[in-house]
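The block underneath contains the structure these notes are about, expressed in structure tokens.
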Amino acid sequence: MKRTLMIVAAIAALFATSCKKPVNPDLPTINWASNPNFAQQELAPGLDGAVAVSAPGKIDMLTITLGLGDYAILANPYIGVASNKGSGSKTSPVFDIVDDSTVASFLQSLGMSAGSSLRGKTLTNLDLVKILETLIKGQPVANNTSFTMKIDLKDQSGNTKSATAKFHFTSAPSFVWDNNPSFAVVDLNDAQSPAKIKLSAPGKVDKFTITLESGADSKLVEYIKNRTTGGKTVIDLIGDATVVSSFQKYFPAGDALSGKTDALLDFAFMYDLKYDMGASTNVFTLSVTDKNGKNTVTQVKFKK
């Protein structure tokens, strides 16, 4: 009986293999090696956007339709064909990589092959991440924004291939100091005002350190060193168990901070220490990295 079942299984496997549709090596292909299924990707440091475009029948047309939503207009300076621009209700401008010289110049400036010389070629490469990040660079992109990039390829025999890349944008961590929005130096000799700083980390906190920079008052240095493992001037809010217990009155730490999307940091201890400190300027560098690898750094300064 067991032998019979094995024979049946082997026949079934052979049948399945014979019925599998063979891949025609002459047809165009679009291959994203690091993301072969074109699953949605988070726009984050280190993301690989290299896509190989192959057309054994020679490239005739190659376009990227940009699903930029409210940010469609950002592509317009790099598009020469008016009908392909994004504006008004048109949220998907088109990059004609072969026939639009303006698009070609833009892509060439990013190190990609483009322009009429691409027609008749059998292979080219695109860096989708580089294109998208260049378009949105310096723009206040809203948290939880999605983008798409649809690649359409046609060879000189009329064969076509399409693939859509999907990207998600999560804002980098940010700090807000309500009563000191410019993060100006705080004079501890003045009337005490709240030194509470709000952290927002939509991508969830992964690492967070507060470093007391050199030149700080010796009493403050001693205070920090006595509350960190190994007597350091770096307050590791995630990885230092000593910090978790020593600063719990002022800073969330450990499990109370890791993976969270917001936190409140209270530097009130600086007012408690001011009577022991001499004339000095004391600088803390706050560095937070989220689960996507996005890092934000700012400084908080107190003088006596």
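The opening residue of the sequence shown carries number 113 in our numbering; numbering runs sequentially from there.
Even for Gly, the Cβ is constructed at its ideal location relative to N, Cα and C.
Just to check my reading of the structure: D329 and K416 have Cβ atoms closer than 8 Å, yes? What is that Cβ distance to the nearest angstrom?
Here residue 329 is taken as the residue at index 217 of the sequence shown, counted from 1. Here residue 416 is taken as the residue at index 304 of the sequence shown, counted from 1. Confirmed, Cβ separation roughly 7 Å.
Coil, strand or helix - L385 by DSSP:
Taking the first residue of the sequence shown as 1, we reach residue 385 at position 273. L385 falls in the helix class under three-state DSSP.
Grab me the residues of P306's own chain with a C-beta within less than 7 Å of its C-beta, minus the 5 sequence neighbours each way, in chain order.
Within the sequence shown, residue 306 is the residue found at index 194, counting from 1. Correct list, in chain order: N291.
Beta-carbon spacing of I176, F150 below 8 Å:
As a working note, residue 176 is residue 64 in the sequence shown. As a working note, residue 150 is residue 38 in the sequence shown. Taking 8 Å as the Cβ cut-off, I176 and F150 do not qualify as a contacting pair.
In angstroms with no decimal places, state the Cα-to-Cα distance between Y387 and T408.
Within the sequence shown, residue 387 is the residue found at index 275, counting from 1. Within the sequence shown, residue 408 is the residue found at index 296, counting from 1. Going by the C-alpha atoms only, they are around 32 Å apart.
Per-residue DSSP class, three states only, for K403
The count along the sequence shown starts at 1 and reaches residue 403 at position 291. In the structure shown, K403 sits in coil (DSSP, three-state: anything other than H, G, I, E or B).
As assigned by DSSP and simplified to three states, the class of T373:
Your numbering for residue 373 matches position 261 in the sequence shown. Of the three classes helix, strand and coil, the one that applies to T373 here is coil, per DSSP.
Alpha carbon to alpha carbon, what distance is there between V241 and D299?
Along the sequence shown, read from residue 1 onward, the residue named residue 299 stands at position 187. Along the sequence shown, read from residue 1 onward, the residue named residue 241 stands at position 129. Going by the C-alpha atoms only, they are around 45 Å apart.
Taking only the alpha-carbon atoms, compute the straight-line gap between I248 and L186 and give it to the nearest angstrom.
Taking the sequence shown and counting its residues from 1, the one referred to as residue 248 is at position 136. Taking the sequence shown and counting its residues from 1, the one referred to as residue 186 is at position 74. The straight-line gap from Cα to Cα measures roughly 7 Å.
State buried or exposed for D212, treating a residue as buried only when at least 16 other CB atoms are found within 10 Å of its CB.
If you number the sequence shown from 1, residue 212 lands on position 100. Buried.
Taking the alpha carbon of D182 as the reference point, which residue from D239, Q251, V163 has its own alpha carbon closest?
To locate residue 182, count along the sequence shown from 1; it is residue 70. It is Q251 whose Cα lies nearest to the Cα of D182.
Validate contact between the region 253-262 and the region 270-287 using beta carbons, cut 8 Å, 3 pairs:
yes
Quick check: A164 and D267, are their CB atoms within less than 8 Å of each other?
In the sequence shown, residue 164 corresponds to position 52, counting from 1. In the sequence shown, residue 267 corresponds to position 155, counting from 1. Cβ distance not < 8 Å, so A164 and D267 don't count as in contact.
Closest by CA to Y190, which one among V215, D367, L159, I171?
Position 78 of the sequence shown holds residue 190. It is V215 whose Cα lies nearest to the Cα of Y190.
Burial state of L244, where buried means 16 or more other Cβ atoms lie within 10 Å
In the sequence shown, the residue the question calls residue 244 occupies position 132. Buried, since its Cβ has 16 or more Cβ neighbours within 10 Å.
For D302, is the classification buried or exposed, using 16 other Cβ atoms within 10 angstroms of its Cβ as the cut-off for buried?
For the purposes of this step, residue 302 is taken as residue 190 along the sequence shown, with counting starting at 1. That one is exposed.
Given this structure, state the Cα-to-Cα distance separating S228 from N147, to the nearest angstrom.
Within the sequence shown, numbered from 1, the residue matching residue 228 stands at position 116. Within the sequence shown, numbered from 1, the residue matching residue 147 stands at position 35. Their Cα atoms are separated by approximately 29 Å.
Near K202, which residues of its chain fall below 8 Å by C-beta distance, leaving aside the five closest residues on each side in sequence?
As a working note, residue 202 is residue 90 in the sequence shown. Within the same chain, K202 has close Cβ partners A184.
Compare the beta carbon distance of K170 and P285 with 8 Å and say whether it is the shorter of the two.
Here residue 170 is taken as the residue at index 58 of the sequence shown, counted from 1. Here residue 285 is taken as the residue at index 173 of the sequence shown, counted from 1. Not a contact, by the Cβ cut-off of 8 Å.
Alpha carbon of I350 to alpha carbon of T234, nearest angstrom:
Here residue 350 is taken as the residue at index 238 of the sequence shown, counted from 1. Here residue 234 is taken as the residue at index 122 of the sequence shown, counted from 1. Roughly 51 Å between the two C-alpha positions.
Could you tell me the alpha carbon to alpha carbon distance between K114 and P137, rounded to whole angstroms?
Locating residue 114 in the sequence shown gives position 2, where the first residue counts as 1. Locating residue 137 in the sequence shown gives position 25, where the first residue counts as 1. In this prediction, K114 scores a pLDDT of 48, lower than 50, which makes its location untrustworthy; the coordinate-derived value is nonetheless stated afterwards. Rounded to the nearest angstrom, the two C-alpha atoms are 40 Å apart.
Going along the chain, which unbroken runs of the beta strand (DSSP E) with 3 or more residues stay wholly within the region 238-315?
257-267, 272-281, 286-288, 308-312
Consult DSSP for E325 and reduce its assignment to one of helix, strand or coil.
Counting from 1 along the sequence shown, the entry for residue 325 is found at position 213. The answer is coil: DSSP assigns E325 none of H, G, I, E or B.
Spatial distance of G161 from V395 (CA atoms):
Taking the first residue of the sequence shown as 1, we reach residue 161 at position 49. Taking the first residue of the sequence shown as 1, we reach residue 395 at position 283. Looking at the two C-alpha atoms, the distance is approximately 39 Å.
Tell me the DSSP secondary structure of F218 in three-state form.
Position 106 of the sequence shown, counted from the start, is the residue given in the question as residue 218. Reduced to three states, the DSSP call for F218 is helix.
Which stretch, first to last residue, makes up the alpha helix (DSSP H) that contains I350?
Taking the sequence shown and counting its residues from 1, the one referred to as residue 350 is at position 238. Note, I350: premise wrong, no alpha helix (DSSP H); not H, not E.
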